[in-house]
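S.K.: The opening residue of the sequence shown carries number 52 in the working numbering; numbering runs sequentially from there.
We treat Cβ as the ideally placed atom computed from N, Cα and C, and that holds for glycine.
I am attaching a structure below and will ask some questions about it afterwards.
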Amino acid sequence: MPPPATASGPVAVERIRNFSIISHVDHGKSTLSDRILEITGAVDPRLMREQYLDSMELERERGITIKAQNVRVEHAGHILHLIDTPGHVDFGYEVSRSLAACEGAVLLVDASQGIQAQTLANCYQAIEHDLEIVPVLNKIDLPAADPVRCALEIEHVLGLPAEDILHISAKTGQGVPELLDAVIARVPPPTGEADAPLRALIFDSSYDQYRGVVSSIRIVDGVLPDGARLRFMQANAVHDVEEVGVRTPDALRVERLGPGEVGYLIAGIKDVGEARSGETVTTAQHGAEKALAGYRDPKPMVFCGLYPVDGDELPDLRDALDRLKLNDASFTFEPESSRALGIGFRCGFLGLLHMEIIRERLEREFGLSLIATAPSVEYRAFLTDGTELDVDNPTELPDATRLDHIDEPMLSATIITPSEYTGTVMELCQSRRGEMTRMEYLSPERVELVYTLPLAEVVIDFFDQLKSRTKGYASLDYEPDEYATANLVRVDILINHTPVDAFSTIVHRGSADAYGRRMAEKLRELIPRQLFDVPIQAAIGGRIVARETVKAKRKDVLAKCYGGDITRKRKLLERQKEGKKRMKTIGRVDVPQEAFISALRLGED
């Protein structure tokens with residue numbers, strides 16, 4: 052394999068523009084990135100493909116961006132560093148990290164759908180980072196496009212003048228060159244002094260099995276030369292630079308990176324903890340004294356246990372989790388053990404899609420077979436002796452006799468929907484114990500609803516229900532709110548009178564009985580028949596709220612009897628009955644792995 056091409060640098064700060072593309076899901080970020088690569092000649096037309104920057108197989112399959120990607124292109128004598136960001140609410144942390152490396156943001160809005168919930172959330176994030184916003188209406192080639200209405204909506208809701216909004220079609224390329232001209236004209240060049248001590252911010256990292264950690268960096272001050280000796284300030288580690296370069300989008304080695312430039316750094320780092328996102332890099336000698344602000348670590352919102360189907364894969368699972376943690380700081384894990392599933396890890400995620408993606412990546416990229424327990428959120432348990440306990444695993448919830456009350460995490464959810472579905476959305480939110488805090492008409496046809504909802508009611512299937520009840524037209528964004536006291540109980544599942552901790556969950560008392568019945572019915576179908584009756588019970592404390600029985604299979608002990616005296620048959624049946632009775636007292640029910648996987652499968656509630 053030939054060594055990567057080299058280029059000299061650094062570039063004059065006045066010629067650099069750093070910007071990201073932000074929008075709601077499916078409003079055309081990745082398509083716009085493709086057109087920019089084509090128009091600037093960054094990619095050979097023969098090698099061009101859709102979603103060029105989405106390198107993960109999972110991203111192509113689902114048609115979504117999971118990881119933010121950066122690329123350097125040239126246009127009109129300027130160097131443009133473009134960062135393509137995810138749109139789904141679960142990956143909002145990726146967006147905030149990307150915005151910290153930019154001076155401007157292209158706010159993309161679908162001209163047929165108008166402003167959606169994530170449009171607002173991402174726009175407010177960009178405003179918080181003091182970025183110059185370039186508003187753009189995309190998909191103007193669609194028959195359903197209404198750019199005039201959408202432009203007025205943007206002006207009304209976000210306060211961006213309608214005459215400043217660009218109209219483009221990322222699919223056909225119409226208006227994209229003018230967009231690049233607008234980025235150069237409106238987005239300010241980065242600030243930074245070449246003579247100051249080096250300060251560079253790591254905003255993403257990935258692991259290469261041959262080269263170690265590959266970090267995406269933004270140079271804030273100073274110059275980073277190839278071969279320099281660097282100090283990683285938070286990790287307090289020293290490494291020699293093996294290679295610095297830029298992505299064009301192929302890796303292009305450079306002699307140095309100057310202020311304002313975005314590129315990559317390889318320094319032979321094997322320990323993934325030494326190059327986390329938010330790390331400040333400086334020179335080992337005469338370096339900067341004060342680190343950059345970095346990022347506020349996101350707080351996981353959804354928790355579940357991940358266990359290897361084969362216990363021998365536990366070290367492989369730990370290694371895989373370490374690798375994923377490197378370029379996804381929003382994901383957390385710690386060891387835990389379960390009587391039913393053995394040893395595994397308690398993992399924290401930003402949402403259910405995030406959880407699904409992590410699990411699929413573990414299975415695909417690392418070849419692991421996993422069982423995931425039912426997702427739960429982090430509760431606060433207040434005990435009668437005055438102590439407070441954080442509970443993210445239902446089995447850790449203290450006994451009801453020691454509990455004073457339980458607080459659950461709440462969300463502030465913003466829903467934008469066509470006005471004809473307002474009643475349907477309100478009914479859904481109220482059925483999930485939601486309270487309306489605000490309602491505002493963005494236009495005669497569209498309304499914004501803001502609800503306070505319990506996180507536990509949102510993480511399972513709220514988004515799916517919202518989409519199906521509004522025929523796909525409603526959009527959802529949420530952010531964490533305060534904790535609130537609720538009437539919660541733990542539902543335990545007992546199989547043959549033995550609790551199975553993997554099936555325990557915390558639910559609202561009003562829906563606890565229904566949950567117990569549903570789980571017992573599902574397990575009755577999944578657990579294979581034994582030689583004795585197997586009771587499946589759902590219990591709240593000491594009270595049984597549901598019961599199902601897996602009936603015994605019967606061995607035909609009379610097969611060898613061809614008639615004759617009835618007492619012989621009766622004797623054989625009595626002996627079988629005694630054997631079953633003894634077996635039931637000492638017998639153990641092995642729940643097959645398939646039953647765990649099926650009963651705990653996401654989205655089947």
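For Ile67 and His559, what's the separation of their Cα atoms in angstroms?
M.R.: 54 Å
S.K.: May I ask which residues mark the beginning and end of the beta strand (DSSP E) holding Arg594?
M.R.: Arg594 to Val601
S.K.: Cα separation between Ile557 and Leu440?
M.R.: Just so you know, the alpha carbons of Ile557 and Leu440 end up roughly 15 Å apart.
S.K.: Between which residues of its own chain and Glu244 is the CB-CB distance below 6 Å, once the five residues before and five after are set aside?
M.R.: When the five nearest sequence neighbours on each side are left out, the beta carbons in the same chain lying within less than 6 Å of the beta carbon of Glu244 are those of Asp272, in order along the chain.
S.K.: Return helix, strand or coil for Ser388, following the three-state DSSP convention.
M.R.: strand
S.K.: Leaving aside the five residues before and after Ala63 along the sequence, list all residues of the same chain whose C-beta is less than 7 Å from its C-beta, in chain order.
M.R.: none
S.K.: Could you spell out the range, first to last residue, of the beta strand (DSSP E) harbouring Phe254?
M.R.: Phe254 -> beta strand (DSSP E) spans Arg250 to Asp259.
S.K.: Which residue comes first and which comes last in the alpha helix (DSSP H) that contains Met406?
M.R.: Leu403 to Glu416
S.K.: Verify whether the separation of the beta carbon atoms of Leu281 and Val332 is less than 8 Å.
M.R.: yes
S.K.: Tell me the DSSP secondary structure of Ser71 in three-state form.
M.R.: strand
S.K.: Out of Ala286, Leu275, His290 and Asp291, state which residue places its alpha-carbon closest to the alpha-carbon of Val297.
M.R.: Leu275
S.K.: Taking the alpha-carbon positions, what's the Ala339 to Val305 distance?
M.R.: 23 Å
S.K.: So Gly567 and Ala553 are in contact, right, with Cβ under 8 Å, and what is the actual spacing, rounded?
M.R.: Not confirmed; about 15 Å, so no contact.
S.K.: Using the C-alpha atoms, what's the distance from Cys201 back to Ala168?
M.R.: 14 Å
S.K.: Is the CB-CB distance between Pro486 and Thr503 below 8 Å?
M.R.: Per the sequence presented here, residue 486 reads as Glu, with Pro not at that position. Yes.
S.K.: How far does the alpha helix (DSSP H) with Arg575 in it reach, from first residue to last?
M.R.: Arg560 to Leu577
S.K.: Helix, strand or coil for Asn173 per DSSP?
M.R.: helix
S.K.: Reducing DSSP to helix, strand and coil, say where Ser163 ends up.
M.R.: coil
S.K.: Roughly how many whole angstroms lie between the Cα atoms of Ile591 and Met352?
M.R.: 25 Å
S.K.: Going by DSSP, what residue range makes up the alpha helix (DSSP H) through Ala279?
M.R.: Element bounds for Ala279: n/a, residue is neither H nor E.
S.K.: How long is the line joining the alpha carbons of Lys518 and Glu478, rounded to whole angstroms?
M.R.: Rounded to the nearest whole angstrom, the CA to CA distance from Lys518 to Glu478 is 14 Å.
S.K.: Should Glu22 go down as buried or exposed, given a rule of 16 or more other Cβ atoms within 10 Å for buried?
M.R.: For residue 22 there is no data in the structure shown, the boundaries of the chain being 52 and 656.
S.K.: Assuming Arg575 and Glu599 are in contact, meaning their beta carbons sit under 8 Å apart, how far apart are those beta carbons, in whole angstroms?
M.R.: 4 Å
S.K.: Taking the beta strand (DSSP E) that Gly311 falls in, what are its first and last residues?
M.R.: It is not in any beta strand (DSSP E) - Gly311 carries neither H nor E in the DSSP assignment.
S.K.: Just curious, the beta strand (DSSP E) that Glu471 is in, first and last residue?
M.R.: Careful: Glu471 lies outside any beta strand (DSSP E) and carries neither H nor E.
S.K.: Expressed to the nearest angstrom, what Euclidean distance is found between the alpha-carbon atoms of Leu193 and Asp301?
M.R.: 33 Å
S.K.: Find the nearest neighbour of Thr383 within the set Leu392, Gly393, Met406 and Ala391, judged by alpha-carbon distance.
M.R.: Met406
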